[in-house]
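The opening position of the sequence shown corresponds to residue 1 in the UniProt record's numbering, with each subsequent residue numbered one higher. Worksheet for the structure shown next.
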Amino acid sequence: MVLSSCSEDGKTSPDDEMFDDGDDNPTTVVKPLLNSINTSDWILMFEDNFDKFEPTKWTKNNSTRSRAARPGVGINQWFWKPENVTYKDGNVMLKSEKVANDVLHCGGIFTNNLFEFKYGYIEAKIDIAETLFGTHTALWLQGDNMGNVDGTGNDGAEIDVFESAWIGDFTKSVVHIDGYGADHKANTRRYETPGIHSGYHTYGLLWNEDMLEVYYDGEFKTRYQGIWVPKVEEFLWLSTGASFGGAANTNFTSRKIGEYTEAKVDYIRVWRMD
């Protein structure tokens with residue numbers, strides 16, 4: 001017997017369906033928050049509800065040298081540090097902390113060599129870090145061979161589902177191909193994200209052999225096709241970092257050393273689309 005229910009706003013809830021086979025503990029069938037796609041045949045192939053750190057799924061970022069400086073927001077050095085990744089109340093907390101006048105420490109986790117996949121639907125429920133702190137929150141993918149130069153992303157791409165680097169109710173997705181040198185190409189798309197600076201929202205990416213589609217709170221936002229679509233396995237990344245957007249509106253320089261902001265990630269899931 002399948003028990004189903006609908007949320008008050010008519011959207012699919014991740015807890016909508018449960019299979020009851022007579023056991024005392026029926027199995028929850030987790031569905032994506034999508035408003036316009038039939039997901040009944042999709043199979044969940046990766047999930048983390050962040051009750052604790054699972055080293056079989058994730059590696060904590062540990063920068064050995066500074067990432068790219070962000071002088072526009074007063075940050076000349078910033079690093080990913082393992083201690084900036086913690087777990088609380090079923091969330092992974094990605095902290096961005098001011099540790100010196102122009103230095104920021106951030107948190108990130110990634111699945112390289114632990115979970116990599118080709119094609120699927122990714123969904124993460126995130127409460128972003130404060131952008132006015134000079135911090136952006138990101139959900140992204142990376143391919144091991146995206147630095148190969150062939151004029152396409154077939155052999156891998158950096159796919160930024162979102163980077164919350166602005167103070168308005170919008171964000172941007174970006175696909176980077178052909179490395180980060182002279183041959184680098186990027187395709188940036190701005191899309192509207194009502195309420196992004198308040199509470200949790202879901203961010204989704206549908207990836208198949210023909211396209212990448214970006215979703216926010218279950219709503220379609222933008223699509224990439226052609227040379228921008230990877231044809232190889234990629235891995236997941238969740239992180240905070242020093243911001244590159246809205247420079248005139250951040251106040252990192254006025255914050256005291258030791259002050260911080262955190263992104264909270266409630267879950268991330270990946271489905272295979274059969």
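Yeah, the Cβ is synthetic: ideal placement off N, Cα and C, and Gly gets one too.
- Membership of His136 in the beta strand (DSSP E) is indicated by the continuous run Thr135 to Gln142.
- For Tyr119, no beta strand (DSSP E) run applies, since DSSP gives it neither H nor E.
- Looking at Val265, Glu259, Asp266 and Tyr267, the one whose alpha-carbon comes closest to that of Leu104 is Glu259.
- Excluding its 5 nearest sequence neighbours in each direction, Ala69 has C-beta neighbours in its own chain below 6 Å: Asn76, listed in chain order.
- The continuous beta strand (DSSP E) containing Asp266 extends over residues Tyr260 to Arg272.
- As a beta-bridge residue in DSSP terms, Ala186 pairs with His176.
- By the Cβ criterion, the segment 177-187 is in contact with the segment 151-164, since at least three pairs of Cβ atoms, one from each stretch, lie closer than 8 Å.
- Secondary structure in the segment 66-131: the beta strand (DSSP E) runs of 3 residues or longer, each lying completely within the stretch, are 77-80, 85-88, 91-100, 103-106, 108-110 and 120-127 in chain order.
- When secondary structure is reduced to three states using DSSP, Phe244 falls in the coil class, being assigned neither helix nor strand.
- If you draw a straight line from the Cα of Thr222 to the Cα of Thr137, it is about 19 Å long.
- Around the beta-carbon of Thr111, 16 or more other beta-carbon atoms lie within 10 Å, marking it buried.
- Where Ile159 is concerned, the enclosing beta strand (DSSP E) starts and stops at Glu158 to Glu163.
- The C-alpha of Asn148 lies about 42 Å from the C-alpha of Lys256.
- Annotated three-state conformation of Ser254 is helix, per DSSP.
- Distance between Pro82 and Asn101, taken at the CA atoms: about 21 Å.
- By the criterion of a C-beta distance shorter than 6 Å, Ile122 is surrounded in its chain by Leu205 and Val270, once the five residues flanking it on both sides are discounted.
- Only residues of its own chain outside the window of five on either side were considered, and among them Trp80, Lys81 and Pro82 have a CB closer than 8 Å to the CB of Asn62, listed in chain order.
- Spanning the alpha carbons of Met211 and Ser254 requires a straight line of approximately 43 Å.
- A straight-line Cα-Cα distance of about 29 Å links Ser66 and Asp48.
- Note on geometry: alpha-carbon atoms of Glu192 and Leu139 lie some 16 Å from one another.
- Beta-bridge annotation (DSSP): Gly151 is not paired with any residue.
- Excluding sequence positions up to five before and after Asn113, its CB lies less than 6 Å from no other CB in the same chain.
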